[in-house]
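Each step along the sequence shown adds one to the number in the working numbering, with nothing skipped, and position 45 is 46.
Glycine included, each C-beta is placed from N, C-alpha and C at the ideal position.
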Amino acid sequence: MSNKVIVVGSGNAALCAGIAALEQGAQVLMLEKADEALAGGNTKYTAGAMRFAYDTSADLIPLLRNPDDPRVPKTDFGQYTAQKFEADLLGFNEGRPLSTEQRYLIDQSGKAMAWLATHGVTFEPIYSRQSFEKDGRHIFWGGLTLAAMNEGVGLFDMELAAFERLGGEIRYGSGVTGLIQSGGKVTGVSVGDEAIHADAVILASGGFEANADLRAKYIGPDWTKAKVRGTPHNTGDGLVMALGAGAAEYGLYHGCHATPMDLHMADYGGLDLDPGERKNYRKICYFLGVMVNALGERFVDEGENFRNYTYAQFGRAVLEQPDHFAWQIFDSKVFDLLYAEYRFHDAHFVEADSLDALIEKLDGVDINAATATLQDYNNAVDDSTVFDPTILDGKSANLPLPKSNWAQKIDTGPFRAFPVTGGITFTYGGLKVSDQGAVVDTSSAPIPGLYACGELVGGVFYGGYPGGSGLTSGAVFGRNAGRHAGGSDPGRA
Numbered sequence: 002m003s004n005k006v007i008v009v010g011s012g013n014a015a016l017c018a019g020i021a022a023l024e025q026g027a028q029v030l031m032l033e034k035a036d037e038a039l040a041g042g043n044t045k046y047t048a049g050a051m052r053f054a055y056d057t058s059a060d061l062i063p064l065l066r067n068p069d070d071p072r073v074p075k076t077d078f079g080q081y082t083a084q085k086f087e088a089d090l091l092g093f094n095e096g097r098p099l100s101t102e103q104r105y106l107i108d109q110s111g112k113a114m115a116w117l118a119t120h121g122v123t124f125e126p127i128y129s130r131q132s133f134e135k136d137g138r139h140i141f142w143g144g145l146t147l148a149a150m151n152e153g154v155g156l157f158d159m160e161l162a163a164f165e166r167l168g169g170e171i172r173y174g175s176g177v178t179g180l181i182q183s184g185g186k187v188t189g190v191s192v193g194d195e196a197i198h199a200d201a202v203i204l205a206s207g208g209f210e211a212n213a214d215l216r217a218k219y220i221g222p223d224w225t226k227a228k229v230r231g232t233p234h235n236t237g238d239g240l241v242m243a244l245g246a247g248a249a250e251y252g253l254y255h256g257c258h259a260t261p262m263d264l265h266m267a268d269y270g271g272l273d274l275d276p277g278e279r280k281n282y283r284k285i286c287y288f289l290g291v292m293v294n295a296l297g298e299r300f301v302d303e304g305e306n307f308r309n310y311t312y313a314q315f316g317r318a319v320l321e322q323p324d325h326f327a328w329q330i331f332d333s334k335v336f337d338l339l340y341a342e343y344r345f346h347d348a349h350f351v352e353a354d355s356l357d358a359l360i361e362k363l364d365g366v367d368i369n370a371a372t373a374t375l376q377d378y379n380n381a382v383d384d385s386t387v388f389d390p391t392i393l394d395g396k397s398a399n400l401p402l403p404k405s406n407w408a409q410k411i412d413t414g415p416f417r418a419f420p421v422t423g424g425i426t427f428t429y430g431g432l433k434v435s436d437q438g439a440v441v442d443t444s445s446a447p448i449p450g451l452y453a454c455g456e457l458v459g460g461v462f463y464g465g466y467p468g469g470s471g472l473t474s475g476a477v478f479g480r481n482a483g484r485h486a487g488g489s490d491p492g493r494a
């Protein structure tokens, strides 16, 4: 008789868990708190990019929706080895060695992508955001090359289709309110007054980023001011239920992915918009200009590294500035390089023909200090080095707080400035899981019948993360949890 598995949540990690459990012959019921329109957790809010280890361009071809795209032969995808992935994660670990979870993510990343492709989940090269044209070729940078067709919405649609093709069932508007336990084992869940029994429960309900009280408790009081970039439904329900069942807290609870976002966006990225449009509130081209805070001062090295290594940290940096905001300032030399989100119909910005006139329009900013900051920056720019956004070009502004790469004078009108704040995407603290994906209790023993994946897995990210790792982590740990929960003896993890 096949096992019965309940998956709590319906995002990328949940769907990967459901697909993997179905492959084991299990009966799978997915319970989603949101209605159908808002199902999918944070997945629909993403750009669908997935970071994974690969050795050559040939490794990418089987993953592509259209391997015959005429651009592909003219593209330098480079390579992104396991060693490079390891180095990138270590760069955010604040001195910590690689965790067991990080090693598993690296090892399984390419395998998870190939597995998704066997289920009809296909990908496209991210030409618009991860490459620049140079000498007639498309040069990819930063180790991030592929995104799901139609981005996060497409990833959800393709994974849901695969889940349903295999016989999975999903119920919307069915928020899980409790775990059912018997004899030390999790035997099902409660949805209000309804009890639903199963051989295994997989928690894939996201982190606590949409819960202001938990943000304040774990990350700090500033974080009540953060814009919530993703779904309103990631309120930590699965985390609270698991901790109540004896699970151990694990990972960096004060850490989170936080992106510079339009200061005037509504929480949850505009629920009135198509999910694919909500991501347009992010503002992550700061590396092409400079950012100043209310004191008129720069506060980060905007050119420290490629933006997919810094954006998840710079949202925190913005939020922690006075009054929780900053302005991103650009001149017309880079307008054609700014991502489409800067031309989004609801993008807020000010424009002027002169830099002095622009500074006058920066609401909430010390004008005299900002003028001095930008003058000092322009005077410090290295004019002898050629600007090249395809590499870490070393074109710097030599200041006490430098801009290490891509530093160009802001001197060619018209000028534009975009107001930003910090938008929280997902949290890093979660649960400890075993090698089989089972939730571990405070005595380091697996809780029989209870599994977790996605944001709920702690120990994957610490001081930050290389862009695209979050979705890959969801796929890797979702596949693992589903494979074991749907196996022959899910009660023994």
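Paired residues, beta bridge with Gln28 - DSSP: Taking the sequence shown and counting its residues from 1, one reaches residue 28 at position 27. Answer is Lys5.
Return the bridge partner residues of Pro233 from the DSSP annotation. As a working mapping, residue 233 is identified with position 232 in the sequence shown. Paired residues: none, contrary to the question.
Can you give me the start and stop residues for the beta strand (DSSP E) that Glu456 sits inside? For the purposes of this step, residue 456 is taken as the residue at position 455 of the sequence shown. Looking at the DSSP string, Glu456 is not in any beta strand (DSSP E), and its letter there is neither H nor E.
From Asp238 to Ser355, what does the alpha carbon distance come to, in whole angstroms? Within the sequence shown, the letter at position 237 stands for residue 238. Within the sequence shown, the letter at position 354 stands for residue 355. Those two C-alpha atoms are separated by around 51 Å.
By how many angstroms is the C-alpha of Glu195 removed from the C-alpha of Phe93? For this step, residue 93 is matched to residue 92 along the sequence shown. For this step, residue 195 is matched to residue 194 along the sequence shown. Answer to the nearest angstrom: the Cα atoms are 43 Å apart.
DSSP three-state assignment for Pro401, whether helix, strand or coil: Position 400 of the sequence shown, counting from 1, holds the residue named residue 401. Note: Pro401 maps to coil in three-state DSSP.
Taking only runs of the alpha helix (DSSP H) that begin and end inside the region 80–168, which ones reach a length of at least 4 residues, in chain order? 83–91, 101–119, 128–131, 152–166
Name the DSSP beta bridge partners of Phe503, please? Nothing can be reported for residue 503: it is not among the residues displayed for the chain, which extend from 2 to 494.
Closest to Pro126 by CA distance: which of Ser175, Asp69, Gly96 is it? For the purposes of this step, residue 126 is identified with residue 125 of the sequence shown, where counting begins at 1. Pro126 has its Cα closest to that of Asp69, out of Ser175, Asp69, Gly96.
Less than 8 Å between the CB atoms is what I'm expecting for Tyr251 and Lys433, so what's the real figure, rounded? To locate residue 251, count along the sequence shown from 1; it is residue 250. To locate residue 433, count along the sequence shown from 1; it is residue 432. With 8 Å as the limit, Tyr251 and Lys433 qualify as a contact, their Cβ atoms being about 4 Å apart.
Which of helix, strand or coil DSSP assigns to Asp324: Looking up residue 324 in the sequence shown gives position 323. If DSSP states are grouped into helix, strand and coil, Asp324 belongs with the helices.
For the 8 Å Cβ check, are there 3 or more pairs between the region 40–56 and the region 222–234? yes
Beta carbon of Pro447, beta carbon of Ala439: below 8 Å? On the sequence shown, residue 447 is found 446 positions in, with the first residue counted as 1. On the sequence shown, residue 439 is found 438 positions in, with the first residue counted as 1. Yes, Cβ-Cβ distance for Pro447 and Ala439 is below 8 Å.
Assuming Lys226 contacts His325 under a Cβ cut-off of 8 Å, what Cβ separation, rounded to an integer in Å, is found between them? Here residue 226 is taken as the residue at index 225 of the sequence shown, counted from 1. Here residue 325 is taken as the residue at index 324 of the sequence shown, counted from 1. That belief holds up - the Cβ atoms of Lys226 and His325 are roughly 5 Å apart, short of 8 Å.
Buried or exposed: Val190, going by 16 or more other Cβ atoms within 10 Å of its Cβ? As a first step, residue 190 is located in the sequence shown; it is residue number 189 there, counting from the start. Val190 should be labelled buried.
Alpha carbons only, please: which of Leu32, Lys5, Asn306 is nearest the one belonging to Lys404? Here residue 404 is taken as the residue at index 403 of the sequence shown, counted from 1. The shortest Cα separation from Lys404 among Leu32, Lys5, Asn306 belongs to Asn306.
Given that a residue counts as buried once 16 or more other Cβ atoms are within 10 Å of its Cβ, and exposed if not, what is Thr119? As a working mapping, residue 119 is identified with position 118 in the sequence shown. Thr119 should be labelled exposed.
Which residues DSSP lists as bridging Val382, in chain order: What you label residue 382 is simply residue 381 of the sequence shown in a count that begins at 1. Answer is Ala398.
Suppose contacts are defined by Cβ-Cβ distances below 8 Å. Is Leu338 in contact with Pro390 by that definition? In the sequence shown, counting from the first residue as 1, residue 338 sits at position 337. In the sequence shown, counting from the first residue as 1, residue 390 sits at position 389. Yes.
For Ile330, count the other beta carbons within 10 Å of its own beta carbon; 16 or more makes it buried, fewer makes it exposed. Which is it? As a first step, residue 330 is located in the sequence shown; it is residue number 329 there, counting from the start. So Ile330 counts as buried.
Could you compute how far the alpha carbon of Gly483 sits from the alpha carbon of Gly430? As a position in the sequence shown, residue 483 is number 482, starting the count at 1. As a position in the sequence shown, residue 430 is number 429, starting the count at 1. Between Gly483 and Gly430, the C-alpha separation is close to 21 Å.
Can you tell me which residues form a DSSP beta bridge with His265? As a first step, residue 265 must be located in the sequence shown, where it is residue number 264. None, per the DSSP bridge assignment.
Nearest candidate by alpha-carbon position, reference Glu33, set Asp89, Ile425, Arg172, Trp142: By 1-based counting over the sequence shown, the position of residue 33 is 32. Cα-wise, what sits closest to Glu33 is Arg172.
Judging by CA-CA distance, which residue of Ile20, Ala295, Ala318, Phe416 is the nearest neighbour of Ala358? Sequence index remark: in the sequence shown, residue 358 carries index 357 (1-based). Out of Ile20, Ala295, Ala318, Phe416, Phe416 has the C-alpha closest to the C-alpha of Ala358.
Taking only runs that begin and end inside the region 178–227, name each unbroken beta strand (DSSP E) of 3 or more residues, in chain order. 179–183, 186–192, 195–198, 201–204
Could you check the C-alpha separation between Leu296 and Leu180 for me, to the nearest Å? Taking the sequence shown and counting its residues from 1, one reaches residue 296 at position 295. Taking the sequence shown and counting its residues from 1, one reaches residue 180 at position 179. So the alpha carbons of these two residues sit roughly 49 Å apart.
Using three-state DSSP, classify Arg299 as helix, strand or coil. Within the sequence shown, numbered from 1, the residue matching residue 299 stands at position 298. Note: Arg299 maps to coil in three-state DSSP.
For the beta strand (DSSP E) that contains Val1, what are its first and last residues? Residue 1 is absent from the model: the chain starts at 2 and stops at 494.
Length of the line joining the Cα atoms of Leu451 and Ile203: Numbered from 1 along the sequence shown, position 450 holds the residue referred to as residue 451. Numbered from 1 along the sequence shown, position 202 holds the residue referred to as residue 203. Distance between the alpha carbons of Leu451 and Ile203 is about 6 Å.
Ile62 - DSSP class collapsed to helix/strand/coil: Within the sequence shown, residue 62 is the residue found at index 61, counting from 1. Note: Ile62 maps to helix in three-state DSSP.
Rounded to a whole number of angstroms, what is the C-alpha to C-alpha distance between Val29 and Ala199? Your numbering for residue 29 matches position 28 in the sequence shown. Your numbering for residue 199 matches position 198 in the sequence shown. When rounded, the distance between both Cα atoms is 9 Å.
Please classify Val293: does DSSP put it in a helix, a strand, or coil? Start at 1 with the first residue of the sequence shown, and residue 293 comes out as number 292. Strand at Val293.
Taking C-beta to C-beta, are Met51 and Leu147 nearer than 8 Å? Taking the first residue of the sequence shown as position 1, residue 51 is located at position 50. Taking the first residue of the sequence shown as position 1, residue 147 is located at position 146. Closer than 8 Å, so yes.
Taking the alpha helix (DSSP H) that Val351 falls in, what are its first and last residues? Within the sequence shown, the letter at position 350 stands for residue 351. Per DSSP, Val351 belongs to no alpha helix (DSSP H); it is in the beta strand (DSSP E), 351–353.
Kindly indicate which three-state DSSP category Glu361 falls into: helix, strand or coil? The residue you call residue 361 lines up with position 360 of the sequence shown. It is helical.
Give the C-beta separation of Leu156 and Ala163 to the nearest angstrom, bearing in mind that I take them to be a contact with Cβ-Cβ under 8 Å. Along the sequence shown, one-based indexing puts residue 156 at 155. Along the sequence shown, one-based indexing puts residue 163 at 162. Not quite, the Cβ-Cβ distance comes to about 11 Å (not below 8 Å), so this is no contact.
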